[in-house]
Amino acid sequence: MNEPASDPARFGIAGRIAATFIDSKLTPLIVIAAVLLGAAAIVLLPREEEPQIKVPMVDVLVSMPGSTAKELEERVTRPMEKLLWEVPGVEYIYSTSRDSQSLVIVRFKVGEDPQRSLVKVTEKLRSNFDRKPMGVTWPLIK
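Using my numbering, the first residue of the sequence shown is number 14, and each one after it goes up by one.
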């Protein structure tokens with residue numbers, strides 16, 4: 014009923030493996046098992062249409078009345094960015110400066126505790142507040 018595949022030796026190792034599966038009565042069982050396992054995985058794996066991924070972010074707003082955006086960036090924003098990069102778990106820092114105000118947004122890695130991240134940023138800024146230029150207000154951290 015089943016005839017062996019035509020001379021698998023001329024096809025090399027791939028041909029021999031293919032001939033073994035073509036001639037085997039076990040092949041349909043392997044295919045059925047693979048289909049059943051795939052169907053079970055589709056049914057049993059949890060999934061969400063819109064998963065809630067929480068990325069902790071901390072905003073730091075600093076004022077320096079009477080300063081230009083360029084002056085504020087050079088004297089406050091850049092040094093604050095360098096300082097905040099030292100906080101463990103920071104993934105990225107965004108910043109913008111305009112006349113008299115600087116906003117720095119610190120994004121932490123997914124899975125970091127939001128409250129703990131806020132505390133780490135506050136502690137880092139508080140411990141280095143003596144290095145701030147004259148006229149800079151205490152940062153608003155949220």
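Beta carbons: idealized from backbone N, C-alpha and C, even for Gly. Quick caveat, the model's predicted, so the values are computed rather than measured.
- Within the DSSP bridge table, the entry for VAL68 names no partner.
- Distance from the CA of ALA31 to the CA of THR40, rounded to the nearest whole angstrom, comes to 11 Å.
- Around LEU97, the same chain offers VAL103, ILE106, VAL117, VAL119, VAL134, LYS137 as residues with beta carbons nearer than 7 Å, after the five sequence neighbours per side are excluded.
- DSSP places LEU58 outside both helix and strand once states are collapsed to three, so it counts as coil.
- Contact between SER76 and SER110 does not hold, since the beta-carbon distance rounds to 11 Å and is not under 8 Å.
- In the structure shown, SER110 falls within a strand segment according to DSSP collapsed to helix, strand and coil.
- Taking a contact to require three or more Cβ pairs closer than 8 Å, the stretch 81-94 and the stretch 55-67 do not qualify as touching.
- Apart from sequence neighbours up to five positions away, the residues of its chain that approach LYS122 with a beta-carbon distance below 7 Å are GLY102, GLU104, ordered along the chain.
- Listed in chain order, the non-local C-beta contacts of LYS38 below 7 Å within the same chain number zero, local neighbours out to five positions each way being set aside.
- Here ARG88 is buried, its C-beta having at least 16 other C-beta atoms within 10 Å.
- Its chain contains THR40 as the residues whose beta carbon lies nearer than 6 Å to that of PHE34, once the 5 sequence neighbours on both sides are disregarded; these appear in chain order.
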